[in-house]
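K.L.:
Before anything else, here's the structure in question.
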Amino acid sequence: MTDERVLVVQRDAIFPAETPQGFISRGIDVYFQRMQASYTFRSRRLVENDPSLKQIIPYVVFMHEDRVFLVKRLPAQSEQRLAGMFSIGIGGHINKGDATGEYLPSGCETPESFHSVLAEGMNREIREEVFVGEDPDLSLAGLINDDSTPVGQVHLGLVYLARLSGPCVTVRETELMTGSFVPVSALGEYYAGMETWSQIVLDSGCLRSPDRPR
3 MTDERVLVVQ RDAIFPAETP QGFISRGIDV YFQRMQASYT FRSRRLVEND PSLKQIIPYV
63 VFMHEDRVFL VKRLPAQSEQ RLAGMFSIGI GGHINKGDAT GEYLPSGCET PESFHSVLAE
123 GMNREIREEV FVGEDPDLSL AGLINDDSTP VGQVHLGLVY LARLSGPCVT VRETELMTGS
183 FVPVSALGEY YAGMETWSQI VLDSGCLRSP DRPR
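With the numbering used here applied, the sequence shown corresponds to residues 3 to 216, in that order.
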């Protein structure tokens, strides 16, 4: 089994003073500059339980009109701490191959900036997990930092909204998850069973607030 090397940044490099919790929508450019200046790749096996490092995770929310693509993570997926939970985010770790150009189309140069590495890794993760019938309109909504759970302590989420003209997303890795488009107004039915990051996105107001119990 190969030892996956994933993109990480020292926690203190991202948050040199106070450490904000939850959804972060202000000062995003500053956080990206800090990540750009200090990111590196480490063995995933060695960083999975090291809260001094933040593994950077693109978290893409696919939307069509007033519906969101909702997935349920199955027991076969690699992150057992999230198995059985619902999620509105698609994404995963940025790998060393995303920085070497291994996944770049023919004729492209090796990416040099953090943004390029991030974009390549995000696109690879999307291709691995789902089929998307068109190029979405992507916008960065904010960051997620949640140190209240073991998973959150070692990860930092970059939340992207991916708007589509039609409900053209289906699950590729059917052994790892199931998925379908659900009206935002119906997400309250799944809220209690959602992973924390999805709850944070819903609570942030970057999506239309679902009708859910308080």
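No residue lacks a Cβ here, since even glycine has one placed at the ideal position from N, Cα and C.
Excluding sequence positions up to five away, which residues of its chain have a Cβ less than 8 Å from the Cβ of Q38?
P.N.:
Closer than 8 Å at the Cβ level, and outside the excluded window around Q38, lie S115, F116, H117.
K.L.:
Would you report the Cα separation of F64 and M87, rounded to the nearest angstrom?
P.N.:
Between F64 and M87, the C-alpha separation is close to 18 Å.
K.L.:
Can you determine whether any heavy atom of the ligand MG sits closer than 7 Å to the C-beta of V119, and answer yes or no?
P.N.:
You won't find the ligand MG in this model; it holds no ligand whatsoever.
K.L.:
Can you name the start and end residues of the alpha helix (DSSP H) that G154 belongs to?
P.N.:
Per DSSP, G154 belongs to the alpha helix (DSSP H) from 152-155.
K.L.:
Measure the C-alpha to C-alpha separation of M179 and F133 and round it to an integer number of angstroms.
P.N.:
Cα to Cα, the separation comes out at about 13 Å.
K.L.:
Grouping DSSP H, G and I as helix and E and B as strand, with all else coil, what is S45?
P.N.:
The answer is strand: DSSP assigns S45 an E or B state.
K.L.:
List the residues that DSSP assigns as beta-bridge partners of L217.
P.N.:
No answer is possible for residue 217: the residues shown for the chain start at 3 and end at 216.
K.L.:
Checking 8 Å against the spacing of the C-beta atoms, do V62 and L55 come in under that value?
P.N.:
It is not a contact, given that the beta carbons lie outside the stated cut-off.
K.L.:
Which same chain residues, not among the five before or five after P18, have their C-beta less than 6 Å away from its C-beta?
P.N.:
Excluding positions up to five away in sequence, the list is empty.
K.L.:
Can you name the residues that DSSP bridges to M65?
P.N.:
DSSP lists V70, R165 as partners of M65.
K.L.:
So which of Y192, P185, E191, V173 has the shortest CA-CA distance to L209?
P.N.:
The candidate whose alpha carbon is nearest that of L209 is P185.
K.L.:
Taking all protein chains shown into account, decide if G93 is buried (16 or more other Cβ within 10 angstroms of its Cβ) or exposed.
P.N.:
Buried is the call here.
K.L.:
Using 8 Å as the threshold, is the C-beta distance between P60 and E136 below it?
P.N.:
No.
K.L.:
Report the three-state DSSP secondary structure of R129 (helix, strand or coil).
P.N.:
R129: helix per DSSP, three-state reduction.
K.L.:
From this set, I96, E130, R129, which residue's C-alpha is nearest G1's C-alpha?
P.N.:
The question about residue 1 has no answer, for the chain in this structure spans 3 to 216.
K.L.:
Going by DSSP, name the residue or residues bridged to D139.
P.N.:
Answer by DSSP bridge pairing, in chain order: R165.
K.L.:
Give me the residue from D31, K74, Q12, R174 with the minimum Cα distance to R129.
P.N.:
Closest by alpha carbon: R174.
K.L.:
Do I146 and I90 have their beta-carbon atoms positioned less than 8 Å apart in this structure?
P.N.:
Their beta carbons are not under 8 Å apart, which means I90 does not touch I146 by this criterion.
K.L.:
To which residues of the same chain is P53 closer than 8 Å at the C-beta, ignoring the five residues directly before and after it?
P.N.:
These residues qualify, in order along the chain: R13, D149, Q155, V156.
K.L.:
Tell me where the beta strand (DSSP E) around L9 begins and ends.
P.N.:
That run of the beta strand (DSSP E) goes 7-12.
K.L.:
Just to confirm my understanding: we take G181, look at its own chain, exclude 5 residues before and 5 after, and list those with CB closer than 8 Å. What are they?
P.N.:
Cβ neighbours of G181 beyond the five flanking positions: F71, L72, V73, K74, V132, V171, T172, V173.
K.L.:
Should R7 be labelled buried (16 or more other beta-carbon atoms within 10 Å of its own) or exposed?
P.N.:
R7 should be labelled buried.
K.L.:
List the DSSP bridge partners of L145.
P.N.:
In DSSP, L145 forms a bridge with I26, L160.
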